[in-house]
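S.K.: Anchor point for the sequence shown: position 43 equals 43 in this note's numbering, and the numbering is continuous, going up by one each time. Each residue gets a CB set at the ideal place from its N, CA and C atoms; glycine is no exception. Small disclaimer: the values here were computed from a predicted structure and weren't measured. Below you'll find the structure I mean.
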Amino acid sequence: MANLQYKRLLVKLSGEALMGRQDFGIDPAMVLKVAGELKVLQQAGVELGIVVGGGNIFRGAGLAEAGVDRVTGDHMGMLATVMNALAIKDSLLKLGLQASVMSGLNMPEVCDLYTQREARSRIGAGEILIFAAGTGSPYFTTDTGASLRAIEIQAELMIKATKVDGIYNKDPVKHADAVKYDHLNYDQAIDQRLAVMDVAAMILCNDNALDMVVCDINEPGALLNLAKGQSIGTRVTRKEVEK
Ligand code: UDP
């Protein structure tokens with residue numbers, strides 16, 4: 001077993017992380033690449049829960065702007081996360097790993113319904129568990145779903161794996177002078193309205209003292225190096241309270 005600082009992780013994959021160079025949908029080659037990174041982690045002895053987004057297919061807020069009823073749009077967004085989860089499971093199984101999908105919405109022919117007890121039991125047995133449909137309720141995001149599941153499965157760290165290598169003071173794609181943070185606390189991220197995660201997700205992490213790291217999914221070995229305790233990307237923690 002590798003020299004690990006963290007034994008149980010929750011990795012949040014945005015839907016866009018599965019698009020590869022496409023503008024929409026799922027790139028199977030990209031999904032296989034991501035699955036390869038998860039395999040390295042799992043084989044090092046890390047217990048893994050994955051929460052996947054759906055923004056590469058549908059987001060409820062975007063659909064609502066286009067005239068779709070918001071709750072219907074959110075249901076469509078959650079169904080998109082289920083498609084992504086199935087694609088990740090398929091790639092993990094192809095790599096010879098044990099993996100299954102648990103969803104916040106009940107669809108027994110497609111995947112299992114989430115329960116905390118079963119989730120903990122599967123992860124503890126070495127299975128990679130992919131959580132689909134976020135919280136299972138409209139008006140939430142999969143970031144909030146990730147924070148919730150991370151706390152429920154007692155993950156020691158949440159990793160938000162995105163297309164950017166950390167949190168910046170402004171969008172690094174649009175601004176060449178954007179500055180990356182190595183460390184922030186949740187209060188700062190909320191006060192400065194940094195586009196890291198929605199506020200509900202950050203409050204949940206803060207209240208439950210769950211640290212989060214934002215890193216680039218395209219950086220080979222980044223997930224394993226984080227599990228070994230290396231400083232990569234941007235770390236967000238609860239504000240130290242002076243005693
Ligand atoms: N969604 C929801 N409830 C949840 C999680 C997600 O209604 O608990 C819907 C929502 O419409 C959201 C979409 O699913 O926009 C896809 O999730 P998200 O936008 O978080 O995906 P990501 O940006 O991570 O790809």
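(1) Do residue 185 and residue 248 have their beta-carbon atoms positioned less than 9 Å apart in this structure?
(2) Exposed or buried, what is residue 256 when buried is set at 16 or more other beta-carbons lying within 10 Å of its beta-carbon?
(3) What does the shell around the ligand UDP hold, if a residue joins when its beta-carbon is under 5 Å from any heavy atom?
(4) If you measure between the beta carbons of residue 4 and residue 227, is that distance less than 9 Å?
(5) Can you tell me whether residue 233 is buried or exposed, with buried defined as 16 or more other CB within 10 angstroms of its CB?
(6) Measure how close the beta-carbons of residue 153 and residue 8 come, nearest whole angstrom, since I'm counting them as under 8 Å.
(7) When you compare the CB positions of residue 71 and residue 13, do they come within less than 9 Å of one another, or not?
(8) If you check the beta carbons only, do residue 47 and residue 224 fall under 9 Å apart?
(9) Whole angstroms is fine: what's the gap from residue 181's alpha carbon to residue 212's?
(10) Spell out a yes or no on whether the region 55 to 73 and the region 97 to 108 are touching, meaning 3 or more CB-CB pairs, one atom from each, closer than 8 Å.
(11) Please give me, in chain order, every unbroken run of the alpha helix (DSSP H) with length at least 4 that falls completely inside the region 152 to 198.
(12) Within the same chain, show all residues whose beta-carbon is closer than 6 Å to that of residue 140, passing over the 5 residues directly before and after it, in chain order.
M.R.: On the basis of the coordinates in this document:
(1) What is shown of the chain runs 1 to 243, which leaves residue 248 out entirely.
(2) Here the chain covers residues 1 to 243 and nothing more, so residue 256 does not appear.
(3) The set, ordered by position in the chain, is 14, 15, 53, 54, 55, 59, 60, 74, 77, 78, 134, 135, 138, 140, 141, 142 and 145.
(4) By 1-based counting over the sequence shown, the position of residue 4 is 4. By 1-based counting over the sequence shown, the position of residue 227 is 227. Between residue 4 and residue 227, the gap from beta carbon to beta carbon is short of 9 Å.
(5) Translated into positions along the sequence shown, residue 233 becomes position 233. With 16 or more Cβ atoms within 10 Å of its Cβ, residue 233 is classed as buried.
(6) Reading the sequence shown from its first residue, position 153 is the one you call residue 153. Reading the sequence shown from its first residue, position 8 is the one you call residue 8. With a Cβ gap of about 7 Å, residue 153 and residue 8 count as contacting.
(7) Working through the sequence shown from its first residue, we reach residue 71 at position 71. Working through the sequence shown from its first residue, we reach residue 13 at position 13. Going by beta carbons, residue 71 and residue 13 fall outside the 9 Å limit.
(8) Within the sequence shown, the letter at position 47 stands for residue 47. Within the sequence shown, the letter at position 224 stands for residue 224. No; because the gap between Cβ atoms is not below 9 Å, this pair is not in contact.
(9) Here the question's residue 181 lines up with position 181 in the sequence shown. Here the question's residue 212 lines up with position 212 in the sequence shown. Going from the Cα of residue 181 to the Cα of residue 212 covers about 13 Å.
(10) no
(11) Correct list: 186 to 191.
(12) What you label residue 140 is simply residue 140 of the sequence shown in a count that begins at 1. Cβ-Cβ distances below 6 Å link residue 140 to 134 in the same chain, with the five nearest sequence neighbours on each side left out; the list follows chain order.
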